[in-house]
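J.: Chain order of the listed sequences is R and V.
Under this note's numbering, residues 503 to 650 are what the first sequence spells out, in order.
Under this note's numbering, residues 503 to 650 are what the second sequence spells out, in order.
The C-beta atom is built at its ideal place from N, Cα and C for all residues, glycine as well.
Protein chains: 2
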Amino acid sequence: MSSPPIVELSREAIDELLHEQLVGRVGCHADGTTYVVPVIYAYDGEAFHVATVEGQKTRMMRHNPAVCFEVDAYEAGSWRSAIAQGEYEEVEGEEAEATIALLAERFGRGGTAGPARRRHRGEGASAVCFRIRIREVTGRSVDRSRPA
Amino acid sequence: MSSPPIVELSREAIDELLHEQLVGRVGCHADGTTYVVPVIYAYDGEAFHVATVEGQKTRMMRHNPAVCFEVDAYEAGSWRSAIAQGEYEEVEGEEAEATIALLAERFGRGGTAGPARRRHRGEGASAVCFRIRIREVTGRSVDRSRPA
Chain R
503 MSSPPIVELS
513 REAIDELLHE
523 QLVGRVGCHA
533 DGTTYVVPVI
543 YAYDGEAFHV
553 ATVEGQKTRM
563 MRHNPAVCFE
573 VDAYEAGSWR
583 SAIAQGEYEE
593 VEGEEAEATI
603 ALLAERFGRG
613 GTAGPARRRH
623 RGEGASAVCF
633 RIRIREVTGR
643 SVDRSRPA
Chain V
503 MSSPPIVELS
513 REAIDELLHE
523 QLVGRVGCHA
533 DGTTYVVPVI
543 YAYDGEAFHV
553 ATVEGQKTRM
563 MRHNPAVCFE
573 VDAYEAGSWR
583 SAIAQGEYEE
593 VEGEEAEATI
603 ALLAERFGRG
613 GTAGPARRRH
623 RGEGASAVCF
633 RIRIREVTGR
643 SVDRSRPA
């Protein structure tokens, strides 16, 4: 009769999810097109920090900086998700270096941040660092392992 | 010097990814808000089939049926992703039963489709079945385990 219980996550539980996961999805919209793209991120409690390259998502987020950021996790029949609304803010110079450092700290030397670091340091012209500052965030969990 | 190679996936490789994964993210946009939400889906080569409940995403997709559907996978330093543009189509009656059956076939009895099935059969008023018919889809992979 009953469905698996959907539970609203506390901000503490949302933060735990956002700190532990590595991959989020940016949702952006411009000129009638909605676009969702996965990114590797670092979270500092207020914003998601990303190093990427020029492309469709950066063009769209410059055009319309009101974006969504989604993170989810599935384990043994249960899932948690967090959905944030926020603002795209491109960063340059020292702030971009800080973004790279934050990602490097999280992913380690030679890890995921490595290529972005290399590109950022001038071997390619297309690196873009940005943050998505959280305006609001909600989270939910469902435990499907419980008897329904 | 070089970055990890970003490779455009063939439609065959995209289909492989879409068939093997269980969770995708719907991106929708209405009234100035972009929303990304994870869903469990079944893929038949032409559309993503989802059973869900009434909520923000169904309201938004009815308002603006031009949506994005994203799937990604991370394994041992490499990732693949597929991003589709498509149309939201709500289904009812026999088509909804077919959606439920497709999900049940994929996830098994008592699995994820169970609660939707129960809700669909009238014990709650809030079940919604829909498909997102693919208009276009692109895919990419990066192998970060290769020396950069």
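Among the residues of its own chain, which have a CB less than 7 Å from the CB of Met503/V, if the five just before and after it don't count?
T.: By 1-based counting over the second sequence, the position of residue 503/V is 1. Summary for Met503/V: the model assigns pLDDT 41, below 50, so the residue's position carries little reliability; its value from the coordinates is reported in the next sentence. There are no such residues.
J.: Mind listing the chain R neighbours of Ile585/V? Cutoff is C-beta to C-beta under 8 Å, in chain order.
T.: In the second sequence, residue 585/V corresponds to position 83, counting from 1. The answer, in chain order, is Tyr537, Val538 and Val539.
J.: Which first and last residues belong to the beta strand (DSSP E) in which Arg629/V is found?
T.: Along the second sequence, read from residue 1 onward, the residue named residue 629/V stands at position 127. Per the sequence shown, residue 629/V should be read as Ala rather than Arg. Element bounds for Ala629/V: Ala629 to Asp645.
J.: Am I right that Arg582/R and Leu519/R are in contact with their C-beta atoms under 8 Å? What's the rounded C-beta distance?
T.: For the purposes of this step, residue 582/R is taken as the residue at position 80 of the first sequence. For the purposes of this step, residue 519/R is taken as the residue at position 17 of the first sequence. Right, their Cβ atoms sit about 5 Å apart.
J.: Suppose you measure from the CA of Gly547/V to the CA of Thr536/V; what does that come to, to the nearest Å?
T.: Residue numbering aside, residue 547/V sits at position 45 when the second sequence is read from its first letter. Residue numbering aside, residue 536/V sits at position 34 when the second sequence is read from its first letter. Answer to the nearest angstrom: the Cα atoms are 26 Å apart.
J.: Can you give me the C-alpha to C-alpha distance between Thr560/R and Gly641/R, rounded to a whole angstrom?
T.: For the purposes of this step, residue 560/R is taken as residue 58 along the first sequence, with counting starting at 1. For the purposes of this step, residue 641/R is taken as residue 139 along the first sequence, with counting starting at 1. Between Thr560/R and Gly641/R, the C-alpha separation is close to 26 Å.
J.: Helix, strand or coil: which one does DSSP assign to Gly557/V?
T.: Counting from one through the second sequence, the residue named residue 557/V turns up at place 55. Residue state, collapsed to three classes: coil.
J.: Counting C-beta neighbours from all protein chains within 10 Å, is the total for Pro507/V 16 or more, i.e. buried, or is it exposed?
T.: If you number the second sequence from 1, residue 507/V lands on position 5. Its Cβ having fewer than 16 others within 10 Å, Pro507/V is exposed.
J.: Let me see if you follow: with CB-CB separation under 8 Å, is Glu556/V close to chain R or not?
T.: The residue given as residue 556/V occupies position 54 in the second sequence. Not an interface residue.
J.: Ends of the alpha helix (DSSP H) at Asp517/R?
T.: Here the question's residue 517/R lines up with position 15 in the first sequence. From DSSP, the alpha helix (DSSP H) with Asp517/R extends over Arg513 to Glu522.
J.: Starting from the Cα of Arg646/R, find the closest Cα among Ser628/R, Ala578/R and Glu596/R and give me that residue.
T.: In the first sequence, residue 646/R corresponds to position 144, counting from 1. Checked all of Ser628/R, Ala578/R and Glu596/R; the closest Cα to Arg646/R is Ala578/R.
J.: Between which two residues does the beta strand (DSSP E) harbouring Gly526/V extend?
T.: The count along the second sequence starts at 1 and reaches residue 526/V at position 24. Start and end: Val525 to Ala532.
J.: For Pro507/V, which beta-bridge partners are listed by DSSP?
T.: Numbered from 1 along the second sequence, position 5 holds the residue referred to as residue 507/V. As computed with DSSP, Pro507/V is found in no beta bridge at all.
J.: Can Ala532/V and His565/V be called in contact, C-beta distance under 8 Å?
T.: The residue given as residue 532/V occupies position 30 in the second sequence. The residue given as residue 565/V occupies position 63 in the second sequence. In contact: Ala532/V and His565/V (Cβ atoms closer than 8 Å).
J.: Excluding five sequence neighbours on each side, which residues of the same chain lie with their C-beta closer than 7 Å to the C-beta of Tyr543/V?
T.: Against the second sequence, residue 543/V aligns to sequence position 41. Cβ within range, chain order: Gly526, Phe550, His551 and Val552.
J.: Exposed or buried, which one is Val509/V when buried takes at least 16 other CB atoms within 10 Å?
T.: Start at 1 with the first residue of the second sequence, and residue 509/V comes out as number 7. By the neighbour-count rule (16 or more Cβ atoms within 10 Å), Val509/V is not buried but exposed.
J.: Spatial neighbours of Leu524/R within its chain, please: C-beta separation below 7 Å, excluding the five flanking residues on both sides.
T.: As a working note, residue 524/R is residue 22 in the first sequence. Ile542.
J.: Which same chain residues end up closer than 6 Å to Arg620/R when comparing Cβ atoms and leaving out the 5 residues on each side of it in sequence?
T.: Counting from one through the first sequence, the residue named residue 620/R turns up at place 118. With a pLDDT of 42 at Arg620/R, under the threshold of 50, the modelled position of that residue is not reliable, and the figure given next carries that caveat. Same-chain partners within the cutoff: there are none.
J.: By a C-beta neighbour count over all protein chains shown, 10 Å radius and 16 as the cutoff for buried, is Arg513/R buried or exposed?
T.: Position 11 of the first sequence, counted from the start, is the residue given in the question as residue 513/R. Result: exposed.
J.: Leaving out five residues before and five after Tyr545/R in sequence, what residues of the same chain have Cβ atoms less than 7 Å from its Cβ?
T.: For the purposes of this step, residue 545/R is identified with residue 43 of the first sequence, where counting begins at 1. Leu520 and His521, listed in sequence order.
J.: I'd like to know whether the C-beta of Glu589/V is nearer than 8 Å to at least one C-beta of chain R.
T.: Looking up residue 589/V in the second sequence gives position 87. No - not a single Cβ of chain R is within 8 Å of the one on Glu589/V.
J.: In chain V, which residues lie less than 8 Å from Glu522/R when you measure between Cβ atoms?
T.: For this step, residue 522/R is matched to residue 20 along the first sequence. Within 8 Å Cβ-Cβ: nothing; Glu522/R doesn't reach chain V, min ~14 Å.
J.: Might you give, ordered along the chain, the residues of its own chain that have their beta carbon closer than 7 Å to the beta carbon of Val593/R, omitting 5 neighbours on each side?
T.: For the purposes of this step, residue 593/R is identified with residue 91 of the first sequence, where counting begins at 1. If you ignore the 5 residues before and after Val593/R, its C-beta comes within less than 7 Å of the C-beta of Thr601, Cys631, Phe632 and Arg633, all in its own chain and listed in chain order.
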